[in-house]
Amino acid sequence: MSESDTLGDSKRRNFLIKVTSVVGGAGAAAACIPFVASMNPSADVLAKATTEVDLSGVPVGGVHTVAWQGKPVFIFHRTPEEIKDMEASDGGFDPEPDDKRVIKPEWLVVIGICTHLGCVPNKEGPGWTCHCHGSQYDDSGRVVRGPAPRNLAVPPYYFVSDNKILIGKSKA
Amino acid sequence: MTNKIIHWIDQRFPLSSFVKHDLTEYPTPRNLSYWWNFGFLAGFVLVLQVATGVFLAMHYKADVSLSFDSIQHIMRDVNYGWLLRFMHATGASAFFLVIYIHMARTLYYGSYRAPRELMWWTGQGLLLMLMATAFMGYLLPWGQMSFWGATVITNLFKATPFYGEEVVSWLRGGFAVGDPTLTRFFSLHYLLPFLILGGVVVHLIALHTVKSSNPSGIDLAAKDNIPFHPYFTSKDFYGLGIFLIVYCLFVFFFPNSLMEPANNIPANPLQTPLDIVPEWYFLPFYAILRSVPDLVGGVVAMGLSVMVFSFMPYLDRSRIPGGAHYRPWYRMMFYLFMADMLVLGYVGHNPPGGNMLLIGRIATFFYFALFVLLPFLSKKEERWLIQKGLPPELKELMASDAKEKSEMHHRRNGDNK
Amino acid sequence: MKNLIITLVLCFTAAQAWAEEATLEHIKVDTDLPAIARGVDDLMGNCHSCHNLKYVTYLDLEKLGIDRQKIDGWRGDQPINSPLTSLMSDEAAMQSFNLVPPDLSLMTKAREGGADYVYSYLLGYYSTPDGVVKNHIFPGTKMPDPLGMSTTTDHAQREQIRATAHDIVSFLYWAADPHEQERYRLGYYVIGYLLILTLLLYFVKKQIWSRLK
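Protein chains in written order, with the numbering used here: chain R, 506 to 677; chain X, 19 to 435; chain S, 9 to 221.
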């Protein structure tokens, strides 16, 4: 056997092993996909990504708390005076006009999780107070006293009918 | 850079020398056939079962009111949950298939003989742990077959002397199989595979001490060997490819063929399904259990039928190497034993009574008779073979082996002085 | 010789077992959407008043592609992700049948014979000469003949009932294993890939071992 033959043979061999390693490696990587994917939210969890809420049971001035994706959502039926008060100001140190935070002024829908460290604030007097670290929010869910850095978040939602909202999607 | 890291590790941990000694340069007889692939495959299936099992356990609930539902949750809602579950369920069958072939190879080639008794016995221990793991895993879906299988098998412990009833209710944590049973079976089903992993390490350490057996039956690892890598890594991976094709055919196209319809009905403690059948891998032993018309006798016979393999190093008294290869009588017995296993499996699958009972009893008798006769037949066969004159290539092998051994003996004695 | 006898005996008993199962009528299950859609329609009309399908939700039906308006009609006020539970309570069922009708989600997987069993059972109703309705497949059944097979003599109508039963079983077959088609599709790719990989591994093995010669 001549020298060049041996060389050619080993080249071919190396190429074959490389191709096989790549194909095998790709397969092994692909085989990981179902394992990783199985830890993502399952179909029944995703089915709860939206929550339908009937508003007819919430009296004027009343707050209704519903669970959406495992988080509390405050649905606050505001009185005309409260609406007027809120429209008059831009809140505290995270200024935002009230009409940017509501679809219909009488209904405030906010995620009831303090933007500081995640406690659930309580409705006390006008607005909400978080008892963990003393943050305060007004009747538009805007932070008026620290340590919370931001206003209570507004979840995506839309009115299915006059009395029904769907939380989790911003459009039908 | 890599060299530096490896050097750093090597000063603190024998990484390179381990890889060299036990993997890349590990001496392996070059004449190993494809029957020697199944140990590697068993290791692969074990890892596969642990991996799928860990991910299934993230979604499974060990509670009698939830477990059946949680299986359906896995099958329907969890992303690729159906795939993980079918892989795990099919994997159990694959595990037994691979292990049984691995054992059959050991029996055929006489690999259990000195100096590999410890390998054979650790293997036997691994088989028992595998059986226990499979049995407990089968309860977890909480279907009719799960429930009644567990009821029947835990009842076997009634055969315990004096404390039968107490042992049974201790195992179950109640008067019947129930929530405590399910929870503890889940706990142990998760634990045992890790004990199996430990057992596999012992099995492998023993293997690397005595080296692989081979079809000739003479220790070749010391003379006619080749490094494990790349020869046997490439061969093992090729075998793995073939195995995966068969395995995936079952996982993707016939996963339900290995499942009993009755297990798709939630467990009902008030109603037994018409006939209770264990999984295929327990059928021969189940048939032996049913063949003895007495509870204690049946349990003893079944236990013995599994444990009797341990005695093989002593039951086989022939010194002719190569297992069944050079031994026509032993070969005949091996094939008869395989056929008997199949008959027992068939009997175990069918409802007892009539013909089945009779065939089962004959096959059970035959099963034990083969083991009992082996010491006499193997000795007689050896004498007959030597009288007849061994084939020249075998004589050569035996002579070279004897020479090697005496040389080694002298060398060792010399060292001592 | 003994082996031969055993084999013969085995063949004989196996043939007997085969003969018993042969009374089931074979159904070639439809896996395409129109048949399944007809099936769920028939099921909601004929079976769902008593039987639950607690592992199938209205959302599953929507995802499968069943007409949303029909789904809304069936579910009424229930949220879209509620299971297909029947209107009949377990207590009411106990009163009328002395048992709770079995859940149908897994029915085609939960009986020996699978879809063939359910199909043959639905069509297995007949009237005895003295007017009692019985079933060939499940003599002890307490379910009244749902499709009217026992009272229909007209050939065209009987064919119609057979078609209905076929669609219902097709739907139940889907319901018992909703990912089956996805599994087959993925399976072809996986097997194809493994064939290529194994072929490559074979050549690698062959080349490496050829160094020895």
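By construction, the Cβ of each residue, glycine as well, lies at the ideal position given by its N, Cα and C atoms.
query = If we cut at 9 Å on Cβ distances, does residue 660 of chain R have a partner in chain S?
reply = no
**Message:** I'd like the span of the beta strand (DSSP E) that includes residue 177 of chain S, first residue to last.
**Reply:** Here residue 177 of chain S belongs to no beta strand (DSSP E); instead the alpha helix (DSSP H) covers 163-184.
TODO: Identify each residue in the region 84-102 of chain X for which the Cβ-Cβ distance to at least one residue of chain R is less than 8 Å, and report them in chain order.
DONE: Hits within the stretch, in order: 91, 94, 95, 96, 97, 98, 99, 101, 102.
Cross-chain neighbours of residue 545 of chain R in chain X, by beta carbon under 7 Å = 97
I want to verify the contact list: residues of chain S whose CB lies under 8 Å from the CB of residue 553 of chain R, in sequence order.
Those are 89, listed as they occur along chain S.
- prompt: Just to check, is the beta-carbon of residue 392 of chain X closer than 8 Å to a non-hydrogen atom of the ligand ATP?
  reply: Although the ligand ATP was asked about, the structure shown includes no ligands whatsoever.
- Between the region 188-196 of chain S and the region 67-74 of chain S, are three or more C-beta pairs nearer than 8 Å? Below 8 Å, too few C-beta pairs join the region 188-196 of chain S and the region 67-74 of chain S to call them touching: fewer than three.
(Q) In the DSSP output, what is residue 641 of chain R paired with across the bridge? (A) R:634, R:650
*The beta strand (DSSP E) spanning residue 572 of chain R covers which residue range?*
568-573
List the residues of chain X whose Cβ lies closer than 8 Å to the Cβ of residue 542 of chain R, in chain order. 97, 98
Next item on the list: Could you tell me whether the Cβ of residue 59 of chain X comes closer than 9 Å to any Cβ of chain S?
Entry: no
Taking residue 187 of chain S as the query, report the chain X residues whose CB atoms sit under 7 Å from its CB, ordered along the chain. Neighbours of residue 187 of chain S on chain X, chain order: 100.
By DSSP's criteria, residue 664 of chain R is part of a beta bridge. Which residues make up the other side? R:670
Exercise for the section: Could you say if the region 131-144 of chain S and the region 107-123 of chain S meet the contact criterion of at least three C-beta pairs nearer than 8 Å? Expected result: Three or more beta-carbon pairs separated by less than 8 Å are not found between the region 131-144 of chain S and the region 107-123 of chain S, which leaves the two stretches without contact.
Please confirm whether residue 279 of chain X and residue 117 of chain S have their CB atoms less than 9 Å apart. yes
Checklist entry - Between residue 253 of chain X and residue 78 of chain S, is the Cβ-Cβ spacing less than 9 Å? => result For residue 253 of chain X and residue 78 of chain S, no; Cβs fall outside 9 Å.
In the DSSP output, what is residue 580 of chain R paired with across the bridge? R:569, R:614
Do residue 634 of chain R and residue 656 of chain R have their C-beta atoms within less than 9 Å of each other?
no
* Asked: Using the beta-carbon of each residue, which ones in chain C are nearer than 9 Å to residue 386 of chain X?
  -> Among the protein chains of the structure shown, namely R, X and S, there is no chain C.
Q. Which ranges would you report for the alpha helix (DSSP H) in the region 90-168 of chain X if only whole runs of at least 4 residues count?
A. 99-126, 135-157
From which residue to which residue does the alpha helix (DSSP H) around residue 251 of chain X run? 246-271
* Asked: Can you list the residues of chain S that residue 397 of chain X reaches, using a CB-CB cut of under 8 Å?
  -> In chain order: nothing, as chain S lies at least about 24 Å away.
**Report entry** Unbroken alpha helix (DSSP H) run spanning residue 557 of chain R, endpoints
**Finding:** It is not in any alpha helix (DSSP H) - residue 557 of chain R instead sits in the beta strand (DSSP E) that spans 556-559.
Does the beta-carbon of residue 141 of chain X have 16 or more other beta-carbons within 10 angstroms, so that it is buried, or is it exposed?
-> buried
For residue 616 of chain R and residue 654 of chain R, I'd like the C-alpha separation in whole angstroms. The alpha-carbon separation between residue 616 of chain R and residue 654 of chain R amounts to approximately 15 Å.
What's the C-alpha gap between residue 601 of chain R and residue 106 of chain X?
54 Å
Practice task
Report all residues from its chain with a CB closer than 7 Å to the CB of residue 269 of chain X; omit the five preceding and five following residues, and keep chain order.
Solution key: 104, 105, 108
Item to complete: With a cut-off of 8 Å on the beta carbons, I'd call residue 158 of chain X and residue 207 of chain X a contact; round off their distance for me.
Response: 7 Å
Beta-bridge partners of residue 135 of chain S, as assigned by DSSP:
S:141
Check: Does the beta carbon of residue 378 of chain X sit closer than 9 Å to a beta carbon anywhere in chain S?
Finding: no
With respect to the beta strand (DSSP E) encompassing residue 63 of chain S, which residues constitute its N-terminal and C-terminal limits? 61-65
State yes or no: is the C-beta of residue 98 of chain X within less than 9 Å of the C-beta of residue 546 of chain R?
No, Cβ-Cβ distance for residue 98 of chain X and residue 546 of chain R is not below 9 Å.
Quick check on residue 648 of chain R - is its C-beta less than 9 Å from some C-beta in chain S? no
Pick out whichever of X:247, X:200, X:228, X:85 has its Cα sitting closest to the Cα of residue 219 of chain S. The shortest Cα separation from residue 219 of chain S among X:247, X:200, X:228, X:85 belongs to X:247.
**Prompt:** Distance, Cα to Cα, residue 189 of chain S vs residue 181 of chain S?
**Reply:** 11 Å
- prompt: Taking the continuous beta strand (DSSP E) assigned at residue 46 of chain X, which residues delimit it?
  reply: In the DSSP annotation of this structure, the continuous segment of the beta strand (DSSP E) that includes residue 46 of chain X starts and ends at 45-47.
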